[in-house]
Amino acid sequence: MHSIFYDSYHNIIYTLAINLSDNYWQNENKNYWYWELHP
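Numbering (my numbering), first residue to last: 83 to 121.
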């Protein structure tokens, strides 16, 4: 059994990782579309 503290900590880290990866891919896609549409 994990403690409540451990679970909440893990959830925070997991959420941060998801948000960071989402922001990274969104930025990559924006750059891609910008350069594709504005050669």
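Built from N, CA and C at the ideal position, the CB exists for glycine as well.
- In the structure shown, Ser103 falls within a helical segment according to DSSP collapsed to helix, strand and coil.
- In the three-state scheme derived from DSSP, where H, G and I count as helix and E and B as strand, Ser85 is classed as coil.
- Rounded to the nearest whole angstrom, the CA to CA distance from Asn111 to Ser103 is 12 Å.
- For Tyr106 and Leu98, the gap between their C-alpha atoms comes out near 12 Å.
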